[in-house]
Amino acid sequence: MYYRLNSSCVLRGWKKTPWVLVRHPENSIQYLKQEEFQTLLLCDGSTDFEAEFISDKMREILCRYEADGVIEPCPQGEVLEEDQYYQYYDNRFVRSVLWSVTGYCNYRCRHCYMDAPDGKLGELSRQQAMNLIDQMSECGVLCVDITGGEPFVRKDFWQIIDRILSHKIAIGQIYTNGWLLTENVLDEFEKRNLKPEFSISFDGVGWHDWMRGVQGAEKAALRALELCERRGFPTSVELCVHKGSLSALPDTVELLAGMGVSRLRIGTIAETDLWKKNSQGNTMSFRAYIEEMIRYIPRFFRAEMPMDIILAGVIRLHKKSKAFSVIPMRYYGTSECENRLLCKAARYACYITPEGRLLPCMPMTALKEQELFPLIQDIGLKKGLSDSFYMKIVDNRVGDLLKVNQKCAECEHKYHCGGGCRASALEQTGDLMGSVEEQCILWKEGYVERIQKAAETAIMEYCAEDAND
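Under my numbering, the first residue of the sequence shown carries the number 476, and numbering increases by one thereafter.
This is the structure we're talking about:
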């Protein structure tokens with residue numbers, strides 16, 4: 476009996492992550508145990524699984540993965556496609572890259588990290604962009620999420636998409652303001668058999684034009700969302716809330732849910748230089764933001780959980796499971812968390828700026844310290860993901876923080892908190908291992924307990940009937 480991998484399955488490995496099953500075209504991953512990997516490695520059409528060296532355990536693995544569609548029986552000698560054979564990448568595993576393909580934009584947002592209308596960070600040349608994509612493939616990157624600026628203003632946008640697809644790298648999300656999202660654009664995606672999720676900015680009914688600095692921005696965003704719903708493209712929304720737009724939040728959520736938006740992320744506005752100049756008194760303190768988000772929690776359940784909602788820094792609210800997770804409660808309260816990464820998100824994803832700088836996350840674009848991080852053009856992506864200042868950052872553990880930060884080490888909440896966002900620490904203290912004011916407020920002033928209680932009470936009040944069904 477001979478087996479081979481299904482044509483959609485490939486075996487891959489990276490430093491510290493040597494045994495991974497990847498399934499095209501979405502490039503989902505499954506971490507393998509060594510014996511599972513060794514068994515699947517033999518599924519190449521040339522190994523006789525009736526041979527004496529095949530153990531009962533290996534046969535059990537074969538049955539399981541055949542039932543799961545990973546392998547299939549085949550005639551002897553029916554070899555794999557070239558890219559299905561095991562490939563090992565000599566760098567750390569990064570599943571996805573968020574890439575700002577341009578620093579230019581057709582809007583004049585009041586809070587932009589990048590001064591995007593003026594293209595402060597520019598964009599890579601076409602040759603540099605194509606070379607970067609090739610390097611992503613050479614490092615085993617599986618997915619690219621595309622943002623800007625506004626990505627659709629880039630003239631060679633489709634050449635970039637086609638180069639990514641030529642390496643069988645998946646296109647995940649595309650972040651856009653929606654103005655340039657048209658029937659023709661969706662036609663081009665469908666020609667490539669792509670249905671990416673469009674994450675469209677929308678900052679509240681009656682407030683979006685003001686926030687984005689362009690008359691007609693609200694109409695354009697809603698038109699784009701309606702178009703995606705009609706054409707079967709998934710959508711999510713990023714919403715920046717401030718003093719002025721708070722009263723519009725319930726109506727905004729209701730409107731977006733009715734347009735088929737699957738997920739909404741609501742966040743306060745970062746204190747960028749642009750926002751300080753243009754807020755017109757609408758800046759909201761962190762405490763005020765938290766208070767308003769706590770007030771919103773019961774509204775979510777009372778409205779019958781219209782969609783998945785993230786209240787940034789506060790709570791994740793899940794429509795289908797009627798469940799929640801308190802965001803600042805990052806760990807389970809034991810010393811085991813000292814071995815956990817300080818930033819879990821940065822472990823499996825990274826951000827590349829319009830000028831080609833490798834950062835752990837997009838918010839670091841606003842910090843002067845971003846210049847400490849490498850330019851891909853200077854050192855190459857493989858070195859960036861192997862031996863660079865970037866790797867020194869993403870490899871830090873909670874225990875590393877507690878060794879050098881006395882305030883955190885002495886805090887009673889340290890094994891639940893884990894220190895908080897490192898970009899915020901760098902912004903507030905100039906020290907990657909500094910303390911994060913917002914985390915201290917959340918824990919020491921009782922907000923975490925209030926967030927949890929608000930969600931539990933709302934579930935009891937508004938989901939009791941469902942729970943009894």
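Ideal placement from N, C-alpha and C gives every residue a C-beta, glycine not left out.
On the DSSP letters alone, give me the boundaries of the beta strand (DSSP E) that His499 sits inside. Segment: none, His499 is in no beta strand (DSSP E) and carries neither H nor E.
Arg585 by DSSP, collapsed to three states: which one? coil
Minimum C-alpha distance to Arg777 - residue among Asp726, Tyr937, Glu931: Tyr937
Leaving aside the five residues before and after Ala930 along the sequence, list all residues of the same chain whose C-beta is less than 6 Å from its C-beta, in chain order. Ile772, Phe799
Under three-state DSSP, which class holds Ala778? coil
Is it buried or exposed for Arg479, if we count other Cβ within 10 angstroms and need 16 for buried? buried
Could you tell me the distance, in whole angstroms, from the CA atom of Gly488 to the CA atom of His717? 45 Å
Does the beta-carbon of Gly921 have 16 or more other beta-carbons within 10 angstroms, so that it is buried, or is it exposed? exposed
Cα-Cα separation between Val728 and Ser711, rounded to whole angstroms: 12 Å
My output table needs one value for Lys532: the three-state DSSP class, helix, strand or coil. helix
Could you give the distance in angstroms between the alpha-carbon of Arg706 and the alpha-carbon of Phe673? 12 Å
Is it buried or exposed, Asn814, if we count other Cβ atoms within 10 angstroms and call 16 or more buried? exposed
Give me the residue from Glu501, Lys595, Ser571 with the minimum Cα distance to Asn668. Glu501
First and last residue of the alpha helix (DSSP H) that includes Phe673? Element bounds for Phe673: not the alpha helix (DSSP H) but the beta strand (DSSP E), 672–676.
Below 8 Å on the Cβ atoms is my contact criterion, and I expect Met768 with Val789 to pass it. Report the Cβ-Cβ distance as a whole number of Å. 5 Å
Boundaries (first-last residue) of the beta strand (DSSP E) holding Cys549: 546–549
Segment limits, alpha helix (DSSP H) that includes Val879: 873–879
Cutting at 7 Å between CB atoms, please list the residues of its own chain near Leu876, excluding the five before and the five after it. Leu817, Cys883, Gly894, Met908
Can you list, in chain order, the residues of its chain with a C-beta nearer than 7 Å to that of Arg570? Leave out the 5 residues immediately preceding and following it. Ile504, Leu617, Cys618, Tyr823, Ala824
For Gly885 and Lys508, what's the separation of their Cα atoms in angstroms? Reading off the sequence, residue 885 comes out as Glu, not Gly. Distance between the alpha carbons of Glu885 and Lys508 is about 38 Å.
Nonlocal neighbours in the same chain, by C-beta distance under 7 Å from Ala723, ignoring five residues either side: Gly679, Val680, Gly681, Trp682
So Ala454 and Gly653 are in contact, right, with Cβ under 8 Å, and what is the actual spacing, rounded? Within the shown structure, residues of the chain are numbered from 476 to 944, placing residue 454 beyond reach of any answer.
Mind checking who Tyr650 pairs with in its DSSP beta bridge? Ser674
Smallest Cα separation from Thr577: which of Cys538, Ile621, Tyr560? Ile621
What do you get for Met476, buried or exposed, if any count of 16 or more other CB atoms within 10 angstroms of its CB means buried? exposed
Could you check the C-alpha separation between Leu847 and Asn481 for me, to the nearest Å? 44 Å
Per DSSP, which one or two residues make a beta bridge with Glu713? Ser676, Arg740
Among residues of its own chain, excluding the 5 on either side of Glu613, which ones have a beta-carbon nearer than 8 Å to its beta-carbon? Tyr564, Leu856, Lys857
Taking the alpha carbon of Gln513 as the reference point, which residue from Glu527, Glu525, His499, Leu537 has its own alpha carbon closest? Leu537
When Lys794, Gln562, Gln755 are compared against Asp783, the one with the closest alpha-carbon: Lys794
CB contact flag (Thr828, Tyr890, <9 Å): no
Would you mind reading off the limits of the beta strand (DSSP E) that contains Phe799? 798–801
Going by beta-carbon coordinates alone, are Val689 and Asn581 separated by less than 9 Å? yes
On a Cα-Cα basis, can you pick out the residue from Phe664, Arg601, Ala699 that is closest to Arg629? Arg601
By Cβ distance below 6 Å, which residues in the same chain neighbour Val554 in space, the five residues on each side in sequence not counted? Gly520
Alpha carbon to alpha carbon, how far is Leu842 from Leu901? Give it in angstroms, no decimals. 8 Å
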